[in-house]
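Visitor:
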Amino acid sequence: MKILYPLILCLLVLLAPINVQGQASANGGTLKVGIITEPDTLNPYVTVTIQSFAVLSLVYDTLGKYDTDMKVVPWLASWDISADGVTWTFHLANNAMWSDGTPLTSADVKFTYDFAIQNKIGTAAYYVSSVESVETPDNSTVVLTRKTPLTAGFEQTLAYPAFPLIPKHIWEKLSTDQILKFENVPVVGSGPFVFNEWKRGEYLSLKANANYWKGRPHLDEVVFRIFKSFDTMLAALKTGEIDAIPTDVPALTAGTLAGDPNIKVISSPDYYTRIFTPNDNINGTGNRALLDARVRRAFQYAMDRDFLAQTIHLGLVDPAVSFIPPAYGIWHNPNVKPYPFNLTIAAQLLEQAGYTDPKNTGVRSNKEGLRLEFNYWVNNRWPEEMRAASQVQEWFSQVGIKLNVQAMDADTITAYNYPVWKYDIYFWGWRVGPDISKRLWVLTTEAVTSEWSASGWSNSTYDDLWNQQLNTLDQTKRQAIIWQMQDFIQQESPEIPFYHMKTVAAYRIDKFAGYVSMTEGILSEVNIWSWMGLHLVTPAVVTETTATSAVAAPSDNTPWIVAAVAIIVAIAALGYATVRRRKAE
Amino acid sequence: MAGPWRVFRDNTLGKVGLVILVGFAIMALVGNFATPYRTTGVGSLEEILQPPSLSHPFGTDDVGLDVLSQVLKGAGLSLLIGLFAGAISVTIGALVGLLSGYYGGMRGTILVRFTDVFLIIPGLPLIIIMAALLGANIWNVIFVIGIVGWAGTARIARSQTLVIRELPYVLRARSLGASDRHIIVRHVLPGVLPLLFANAVLVIGTAILSEATISFLGLGDPTQLSWGTMLNFAFSRGALFAGAYWYVIPPGVCIALVVMGFTCVGYALDEILNPRLRKR
Amino acid sequence: MVLREYLQRRVVPALVTLFVVMTLNFLLFHAMPGNPFTLLIRDPRMPPEMRAKLAHAYGLDAPLPLQFLLYFQNAFTGNLGISLVYKIPVTALVSERLINTLILVTPATILSILIGTAIGLLSGWKRGGKREVSALLFSLVAYSLPVFWLGMIFIMFFAVTMRSFPTSGILTYGLTYPNFLSYLSDLAAHLVLPTSVLTLVLLGQYALIMRSSAVDVLSQDYVLTAKAKGFSESRIVRTTVLRNALLPLITLIGLNLGLIVAGAIQTETVFSYPGVGRLVYESVVTRDYPVLEGAFLAISVSVIVANLITDLLYAYFDPRVRY
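Chains A, B and C, in that order, give the protein sequences.
Per my numbering, residue 1 is the first one in the first sequence, and the count goes up by one each step.
Per my numbering, residue 586 is the first one in the second sequence, and the count goes up by one each step.
Per my numbering, residue 866 is the first one in the third sequence, and the count goes up by one each step.
(1) Hey, how far is the Cα of Ile789/B from the Cα of Pro878/C?
(2) Give the straight-line distance between the Cα atoms of Ala289/A and Thr694/B, rounded to the nearest whole angstrom.
(3) State the Cα-Cα distance for the pair Pro319/A and Thr738/B, rounded to the nearest angstrom.
(4) Taking Cβ positions only, does Asp806/B come closer than 8 Å to chain C?
(5) If we count the other Cβ atoms within 10 Å of its Cβ and call it buried at 16 or more, is Gln406/A buried or exposed?
(6) In terms of residue numbering, what span does the alpha helix (DSSP H) encompassing Leu931/C cover?
(7) Just checking: is the beta-carbon of Tyr830/B within a distance shorter than 8 Å of some beta-carbon in chain C?
(8) Measuring straight from C-alpha to C-alpha, what distance separates Gly702/B and Ala660/B?
(9) At a CB distance below 9 Å, what residues from the segment 806 to 827 of chain B approach chain A? Give them in sequence order.
(10) Start and end of the alpha helix (DSSP H) containing Glu384/A?
(11) Decide yes or no for the touch test of the segment 136 to 144 of chain A against the segment 157 to 173 of chain A: beta carbon pairs closer than 8 Å, at least 3 of them.
(12) Do you know whose CA, among Gln118/A, Asp108/A, Ala116/A, Val143/A, lies nearest Ile81/A's CA?
(13) Identify each residue in the segment 123 to 156 of chain A for which the Cβ-Cβ distance to at least one residue of chain B is less than 8 Å, and report them in chain order.
(14) State yes or no: is the C-beta of Leu858/B within less than 8 Å of the C-beta of Pro779/B?
(15) Going by the CB atoms, is the gap between Arg274/A and Gly429/A shorter than 8 Å?
(16) At what residues does the beta strand (DSSP E) containing Thr271/A begin and finish?
(17) Just by C-beta distance, which residues in the segment 1014 to 1025 of chain C are closer than 9 Å to chain B?
(18) In terms of alpha-carbon separation, which member of Glu241/A, Ser455/A, Lys511/A lies closest to Ile604/A?
(19) Does DSSP classify Asn335/A as helix, strand or coil?
(20) Where do the ends of the beta strand (DSSP E) carrying Asp80/A lie?
(21) Count the CB pairs spanning the segment 479 to 495 of chain A and the segment 149 to 167 of chain A that are closer than 8 Å, and state whether there are at least three.
(22) Using a 10 Å radius around the Cβ and a threshold of 16 neighbouring Cβ atoms, would you call His500/A buried or exposed?
(23) Would Arg743/B count as contacting chain C if we go by Cβ distances under 8 Å?
(24) For Val378/A, which beta-bridge partners are listed by DSSP?
(25) For Lys367/A and Ala506/A, what's the separation of their Cα atoms in angstroms?
(26) List the residues of chain C that Arg200/A touches, going by C-beta distances under 9 Å, in chain order.
(27) Which residues of chain C have a Cβ atom closer than 7 Å to the Cβ of Gly571/B, listed in chain order?
(28) Which residue comes first and which comes last in the alpha helix (DSSP H) that contains Met845/B?
(29) Below 8 Å, can you find three or more Cβ-Cβ pairs linking the segment 811 to 818 of chain B to the segment 655 to 669 of chain B?
(30) Excluding five sequence neighbours on each side, which residues of the same chain lie with their C-beta closer than 7 Å to the C-beta of Leu1065/C?
(31) Unbroken alpha helix (DSSP H) runs of length 4 or more, entirely within the segment 120 to 162 of chain A: which are they?
(32) Work out the CA separation of Met887/C and Asn900/C for me, nearest whole Å.
(33) Return no unless some Cβ of chain C is closer than 8 Å to the Cβ of Cys849/B.
(34) Alpha carbons only, please: which of Leu987/C, Thr882/C, Asn944/C, Val1080/C is nearest the one belonging to Asn1203/C?
(35) So with CB distances below 8 Å, who are the chain B contacts of Thr1134/C?
(36) Work out the CA separation of Ile1115/C and Tyr1179/C for me, nearest whole Å.
Here it is, written out as structure tokens:
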């Protein structure tokens, strides 16, 4: 008799109503974006991740924005520049408001600049280093005076998502100490989207700003869903659970996705470069052989980066010649002389540098006994680069260099970098953003003492060139200097760029349209055009879960699930009943 | 010794296990020195993730290298790590178990409690943590697996020691004034050894499984080739998503077969050497 | 012996184990080489004064013995620190994930014990028969399969090729449920694959345990006596064997709880299931040491508690224990 109860339960489960109709919504829809790394914090003065900048670019405004050619165009303000370039007058949009209802005025702009100048915090300090003063003649006008001598590239700073306009009434209460700890959640910003909710490890959602001064975006909501592995994220894209993966689609899977007619894969130029970085610091404790440019040039000849770009990344990256990616437009020097893959020349260079192997041990050494044996650390988050490292190891062994490849986590690599410079070679990724000066600055001596240098390399010639380009306002002349710098770096090879990565994105074309392709991809910290322009492909009645308040839709899983549950319950019940019966005997 | 071997021969389980193990030992030996294709570096673009064919019976992997060759080459390391880690576990376990069984009183109790604690502490999380803290290389992996998995052996060693300790000839030896060391080495150890041997075989199997697991989780040494690191690359480079079953199935099947082999032999040995389990 | 006495004898060692686990935990994370300052504070641009301040806030500049005491004090008041990645208290994060793990592990364990015991019994009973061999073979195979690999195979087949079940997570994101049954339905859909994987591997283990136990019992004298008395095999098995094999079975299950943990960690990782097992893996990858510490502690405590429960069960079934 006791079996009856479980059986009845099974029946009930089988009969339970599961088919529910999906609800439709008339407005813009919810765009679900899949990401792996979530923002670390939404405090623009503390964050270092691109993901944070992407979110910040939606909830905050900047004075200008980048257009698809990466030139700065007016956004929250339009501006006039005085003839001598010193005085910039900004005219703010009229009806801009903060998300808590307070109107945005010139006082907020002035505050943003003063705040950064005063507190010298984060990357913002760098951006305002050339600002003398900011005045506000009236509520919608800002007059900014620059320091002389003037530096090039100031206009670029007007569109940086890392330096957004912050509300005075929120941030003025913070002391310098408190700024670092300030969570900034919920974010009070003036951007096209408003912060809604952030459940760490799961999702971050933004809602459309209905009162946006430029007119609300079409989308109702944007949800960044956080995944722990690519496989699950890609599967979610395939089933339509998410609508887009904006970046980091692995090479091999891009191929697999391309077969789906509803999915489009696109790769866009980016500022991100992966670099083979020797320890060039003269005070460091790495293998001293690395301080010799001839040895480093030998490295260049001994690594076939074209081949690796093809096989490891399936051609979805640009093999690097100059360390400046093509994404930098006119600043990228396409005429830098490449090092062809030639093991013979590499061996010759090593001989010339004094490293020989008369006893044929397989590893060269010089007269002082210094061996060409290096520890090579590869970031353990990049399985594809681990594969590449194995090939590099083989090439090197053919020219008498012993490379000990080790997988290392990023934090440990960073710890051995600045200030101890206690490593031989590591493989790293660099992304500095659209500011060419900043990207070039990373190789200066100043960078070495401020923890931004990757290799600890210091060279006064390069430093001089950098200062020159910073102060050259004439674009053609500046370009010439910058091109010269790239030739110089190619000659000295303090760091050997492997590839300029591209942003590989995959998105569904059956639900939303309006993606705009530009540097960094379809949905990035600079691609405001996509975010503003995206809209549902089929409006009105939707049978799937694209509506804001989605309800459990009929899925073809249901019969399976019901069966599974019924079986489990039945087995458990039978088990229970049998055990009871046995006990009774 | 003729007696036990004959019993072994009648034991199908043992025979099957032995055949499997010998097979893999040969594979490991051969694979270490000669494989049909290279197993390091990077292959060619056209050969990436190719399904099985005549020239590549197990297809190719994410960089175009032959999967079969890697399975052959990886056998050696997978087995070696298991063997070394297992050896460490059994040695520690035997030591602790023997001593805790032989010595009563304070010493014995402390050792027993110590064993119980390590019996209960879940192994894999501890292995994961230590592997992560120590860093990715083979010796760390061996060490970590070895020092976590000894408690089972200790328990067996202890219970057997307790029995032997009370046997007449041992008691006689003690009354004759033999030193503890002498008794342990000359009397207890030989009595415990057969069971330890059976247990060691099982422990090696578990160690191989542990190595595969932490290599898969990315805590092993990705610059070395083992079945576990193969599966790590298969997972992390998206072979699953691409449906490259030929890359995923062979290493896993090998792991399962090898562990099965060790388990069969271990159980068979246990049956033979444990007098209570022999078929009536 | 009296139940109370028996329990006392089990609870005290459990507490000792707990103490050892916590000490181990502490040693691993606070006394290991490698600069905790650098590992803790990630931003390279942070000025040294800031770093020192944060280090002081985390108590990293106190001498080691003091840190040890602080650690115990904190642990017992439920303060396990703050996650470096999630920025929420570790206790909250770990308890949430622990519940998810229990949802996954409990049905799997129960199912695998039931099925495994049945198979083990079968393979231990008729020695040399076809049933024994196939049951034994099945148990061995199930035991030898790497859990993560089985998960990968399941994902490839069921989720990618056949598209029948979701490949990850615990619930479909973004859905609101009109009634409890549809919530259960979604939950169940996500649980089917990971639970099956975990069950399959665990049942191999339990089948083998049960087999040893059954074989052991069947070779005992009282079984021969029963046979001589003319009782049917199946009757003997169902009454004597089962009852007598039950006790060692319970003990062995208790001793092998670590396997459930290992299985859970692998299953959760492969299926991206948000449980405490995957939390261990995640926090290793992201170097979130406070969480790793907390998760390890939570898992160990769970195992200790589960062990005590099996001890209780043992006491319940052991005729020698009186109440």
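Glycine included, C-beta positions come from ideal geometry on N, C-alpha and C.
Guide: Based on what the coordinates show:
(1) Here residue 789/B refers to the residue found at position 204 when the second sequence is read from its first residue. Here residue 878/C refers to the residue found at position 13 when the third sequence is read from its first residue. Going from the Cα of Ile789/B to the Cα of Pro878/C covers about 29 Å.
(2) Taking the first sequence and counting its residues from 1, the one referred to as residue 289/A is at position 289. Taking the second sequence and counting its residues from 1, the one referred to as residue 694/B is at position 109. Going by the C-alpha atoms only, they are around 58 Å apart.
(3) Looking up residue 319/A in the first sequence gives position 319. Looking up residue 738/B in the second sequence gives position 153. Cα-Cα distance, rounded: 55 Å.
(4) As a first step, residue 806/B must be located in the second sequence, where it is residue number 221. Not one chain C Cβ lies under 8 Å of Asp806/B.
(5) Reading the first sequence from its first residue, position 406 is the one you call residue 406/A. Burial call: buried.
(6) By one-based count along the third sequence, residue 931/C stands at place 66. First-last of the alpha helix (DSSP H) with Leu931/C: 929 to 941.
(7) Taking the first residue of the second sequence as 1, we reach residue 830/B at position 245. Yes, because at least one Cβ of chain C sits closer than 8 Å to the Cβ of Tyr830/B.
(8) For the purposes of this step, residue 702/B is taken as the residue at position 117 of the second sequence. For the purposes of this step, residue 660/B is taken as the residue at position 75 of the second sequence. Note on identity: in this sequence residue 702/B is Val, with Gly being the wrong assignment. So the two alpha carbons sit approximately 34 Å from each other.
(9) Asp806, Pro807, Thr808, Asn817, Phe818, Phe820, Ser821, Arg822, Gly823, Ala824, Leu825, Phe826, Ala827
(10) Mapped onto the first sequence, residue 384/A falls at position 384. 383 to 398 is the span of the alpha helix (DSSP H), which, as asked, contains Glu384/A.
(11) no
(12) Residue mapping note: residue 81/A aligns to position 81 of the first sequence, counting from 1. Ile81/A has its Cα closest to that of Val143/A, out of Gln118/A, Asp108/A, Ala116/A, Val143/A.
(13) none
(14) Start at 1 with the first residue of the second sequence, and residue 858/B comes out as number 273. Start at 1 with the first residue of the second sequence, and residue 779/B comes out as number 194. Yes, they are a contact pair.
(15) Locating residue 429/A in the first sequence gives position 429, where the first residue counts as 1. Locating residue 274/A in the first sequence gives position 274, where the first residue counts as 1. Contact: yes.
(16) Here residue 271/A refers to the residue found at position 271 when the first sequence is read from its first residue. Here residue 271/A turns out to be Tyr, not Thr, going by the sequence shown. Start and end: 263 to 278.
(17) Trp1014, Leu1015, Met1017, Ile1018, Ile1020, Met1021, Phe1022, Val1025
(18) In the structure as shown, chain A starts at 1 and stops at 585, and residue 604/A therefore has no counterpart that could be examined.
(19) As a first step, residue 335/A is located in the first sequence; it is residue number 335 there, counting from the start. Coil, per DSSP.
(20) Along the first sequence, one-based indexing puts residue 80/A at 80. It spans 77 to 81 - the beta strand (DSSP E) in which Asp80/A sits, taken as one unbroken run.
(21) no
(22) If you number the first sequence from 1, residue 500/A lands on position 500. His500/A comes out buried.
(23) Along the second sequence, one-based indexing puts residue 743/B at 158. No - not a single Cβ of chain C is within 8 Å of the one on Arg743/B.
(24) In the first sequence, the residue the question calls residue 378/A occupies position 378. DSSP output for Val378/A lists Ala407/A, Phe427/A as bridge partner(s).
(25) In the first sequence, the residue the question calls residue 367/A occupies position 367. In the first sequence, the residue the question calls residue 506/A occupies position 506. Whole-angstrom Cα-Cα distance: 55 Å.
(26) On the first sequence, residue 200/A is found 200 positions in, with the first residue counted as 1. What Arg200/A touches in chain C: Ser948, Val950, Tyr951, Lys952, Ile953, Leu958.
(27) Nothing about residue 571/B can be reported from this structure: the residues present for chain B run from 586 to 865 only.
(28) Sequence index remark: in the second sequence, residue 845/B carries index 260 (1-based). Counting along the chain, the alpha helix (DSSP H) containing Met845/B begins and ends at 830 to 858.
(29) yes
(30) Indexing the third sequence from 1 puts residue 1065/C at position 200. So the list reads Ala1007, Leu1015, once near-sequence residues are dropped.
(31) 124 to 127
(32) If you number the third sequence from 1, residue 900/C lands on position 35. If you number the third sequence from 1, residue 887/C lands on position 22. Because Asn900/C carries a pLDDT of 39, less than 50, the predicted location of this residue cannot be relied on, and the following value inherits that uncertainty. Roughly 21 Å separates the two Cα atoms.
(33) The residue you call residue 849/B lines up with position 264 of the second sequence. So yes, Cys849/B belongs to the interface.
(34) As displayed, chain C neither begins before 866 nor continues past 1188, which places residue 1203/C out of reach and without an answer.
(35) Numbered from its first residue, the third sequence carries residue 1134/C at position 269. Within 8 Å Cβ-Cβ: Leu802.
(36) The sequence position of residue 1179/C within the third sequence is 314, counting from 1. The sequence position of residue 1115/C within the third sequence is 250, counting from 1. In a straight line, the C-alpha of Tyr1179/C is about 6 Å away from that of Ile1115/C.
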